[in-house]
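Q: Before anything else, here's the structure in question.
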Amino acid sequence: MQPRLIQLTQNEVALVDAADYPELSRFKWFAKWTGRNGAIYAARSLKKDHKTKTVYMHRLITGALAGEEVDHDDGKTLNNQRGNLKVTTKAENLKNRVYGKIGARNHNALAAAV
């Protein structure tokens with residue numbers, strides 16, 4: 141099946157597997173910029189017990205637990221296809237980081253991939 145695009149805020153899109161699309165498309169997702177590496181991630185807000193929590197799409201897809209990290213194999217942080225995501229440790233994720241490559245501006249390539 142063809143991968144699907146999920147529209148985010150700020151004219152960004154996230155790429156997901158067709159099988160994950162029905163569940164993920166139920167929510168309103170936004171583009172969340174991070175300061176640590178200048179990357180952009182797909183996220184949504186979840187209110188629970190009078191507190192607001194940020195839920196990241198890649199963590200939801202993989203089921204990553206607290207303390208675990210999710211590595212985007214191709215370095216494109218908006219490519220949330222299961223084959224591109226791997227639950228890992230912080231140390232392993234740092235080894236895999238592609239320096240000089242900012243995942244924030246990868247949406248054009250994602251849109252072209254569909």
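Reminder that position 102 of the sequence shown reads as 242 in my numbering, one-by-one numbering, no gaps. The C-beta atom is built at its ideal place from N, Cα and C for all residues, glycine as well.
(1) Please name the residue in N219, V195, N151 whose C-alpha comes closest to that of K187.
(2) Given this structure, state the Cα-to-Cα distance separating D157 from R222, to the nearest angstrom.
(3) Verify whether the separation of the beta carbon atoms of F167 and T149 is less than 8 Å.
(4) Any idea what DSSP makes of H212, helix, strand or coil?
(5) Answer with buried or exposed for A154, where buried requires no fewer than 16 other C-beta atoms within 10 angstroms of its C-beta.
A: Reading from the atomic positions:
(1) Translated into the one-based positions of the sequence shown, residue 187 becomes position 47. Among N219, V195, N151, the Cα nearest to that of K187 is on V195.
(2) As a working mapping, residue 157 is identified with position 17 in the sequence shown. As a working mapping, residue 222 is identified with position 82 in the sequence shown. D157 and R222: Cα-Cα distance of roughly 7 Å.
(3) One-based indexing of the sequence shown puts residue 167 at position 27. One-based indexing of the sequence shown puts residue 149 at position 9. For F167 and T149, no; Cβs fall outside 8 Å.
(4) Within the sequence shown, the letter at position 72 stands for residue 212. H212 falls in the strand class under three-state DSSP.
(5) Sequence index remark: in the sequence shown, residue 154 carries index 14 (1-based). A154 comes out buried.
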